[in-house]
Amino acid sequence: MKSQAWLRGMAVGLCALMASAQVSARDLTIGVEAIDYSPAYAWRDGQFVGAAREILDAFAAANGHRLIFRPLPVKRLLAELIHGGVDLKFPDSPDWQAAIRRGATLVYSAPVFAYIDGTVIRRDRVGRGADAVRSLGTVAGFTPFAWKNRVDAGSVELKENPGFEPLLRQVLAGRIDGAYVNVAVALHAAGALTDGQGGLVYDPDLPHISDSYRLSSRVAPEIVAEFDSWLAANGAVVAAIVARTGAEAGLKASR
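Just so you know, the sequence shown maps onto residues -25 to -1, 1 to 230 in mature numbering (1 follows the signal peptide of the UniProt record, and there is no 0).
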């Protein structure tokens, strides 16, 4: 009798656990940047792709969620997150557009994977130092934190470009001295340019920063907590995706 009672209790517990899992499973709208930032992430041909997509898909599959990716311009994406237009945002960092975030109750995941934002220049300019950089390009909406003092002092002119490939072509053509970009993305894109084979390089002696991409939310902090638990238990899965895609390329050069 005790055995039967124990089995009945176990069955009830399992049913409750399954019901709880079903309740937590949901459709989630993730706001993403409408740019090609391969291999880290990209919106291409109507699809969100790259290392970030693979990681988020693995998390969703493990927890029964259905992900809906919504591409938005970089400058608009944060506003949508703050006002509840999307459930989650990737990538994100509490340091990005800090003035706009002030007063907003946002939660951030643990680091998902690392990146270097650094300066890509033509190979023939390597070794000239930061004083030789008078004009610096960025993708519109991105802030060159490592160059902030020089930009504020007026010694470096900042030029925004709406696209990543056109930005790199400006560097190749000599119209700007360098581009402040995600290094893994720049190296990936430079290799795809016909005239960029070996022409663009990352100079680790120029200003750069190291940080990590995170998942964020205002309206679904419980999903961020669930994602953190999944990350902690699936570090090997994430590491394998990052290594295979090259999403952390350039990190060793800066260490």
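Backbone N, C-alpha and C define an ideal beta-carbon position, used for all residues, glycine too.
- By the CB criterion at 9 Å, V49 and V114 fall inside the cutoff.
- DSSP lists R189 as the bridge partner or partners of D67.
- In the DSSP assignment, R45 falls outside any alpha helix (DSSP H) and within the unbroken beta strand (DSSP E) covering R41 to L47.
- For L226, there is no enclosing alpha helix (DSSP H), as DSSP gives it neither H nor E.
- N157 counts as buried, since no fewer than 16 other beta carbons sit within 10 angstroms of its beta carbon.
- With a 10 Å radius around the Cβ and a threshold of 16 neighbouring Cβ atoms, P69 comes out exposed.
- Beta-bridge pairing by DSSP links W18 to F23.
- Between V87 and L162, the gap from beta carbon to beta carbon reaches 9 Å or more.
- Taking each of V160, N38, I5 and D62 in turn and checking the Cα distance to S204, the smallest one comes out for N38.
- Within the same chain, and ignoring the five residues on either side of S187 in sequence, the residues whose Cβ sits closer than 6 Å to its Cβ are P86 and A89.
- Here the alpha carbons of T220 and T4 stand approximately 24 Å from one another.
- Here the alpha carbons of T94 and H40 stand approximately 38 Å from one another.
- Checking the DSSP bridge columns, you'll see T4 partnered with I43.
- Going by C-alpha positions, P66 is about 33 Å away from R103.
- The residues N38, G39 and H40, in chain order, have a CB closer than 7 Å to that of A(-1) in the same chain once the five nearest residues on each side in sequence are set aside.
- Runs of the beta strand (DSSP E) lying entirely within the stretch 91 to 164, each at least 3 residues long, are 110 to 114, 132 to 136 and 153 to 157 in chain order.
- Under the 10 Å beta carbon count, P14 is surrounded by 16 or more other beta carbons and is classified as buried.
- Counting of Cβ neighbours within 10 angstroms places R125 among the buried residues, the total reaching 16 or more.
- Note: V82 is bridge-paired with S192 in the DSSP secondary-structure output.
- In the structure shown, the three-state DSSP call for L175 is strand.
- Between A159 and A211 the beta-carbon gap is near 20 Å, outside 8 Å, which marks them as no contact.
- Counting C-beta pairs with one atom in each stretch, the stretch 55 to 64 and the stretch 188 to 203 have three or more that are closer than 8 Å, which means they touch.
- Here I10 has A17, W18, V49, V114, G138 and F139 as same chain residues with Cβ atoms under 8 Å from its own Cβ, once five neighbours each way along the sequence are excluded.
- Under the criterion of beta carbons closer than 8 Å, L111 and Y155 qualify as touching, at roughly 6 Å.
- Sequence-distant Cβ neighbours of V101 in its own chain, meaning closer than 7 Å and more than five residues away, are V176 and D178.
- Taking V217 as the centre and dropping the five residues before and after it, the same chain places the C-beta of A26, F88 and E223 closer than 7 Å to its C-beta, in chain order.
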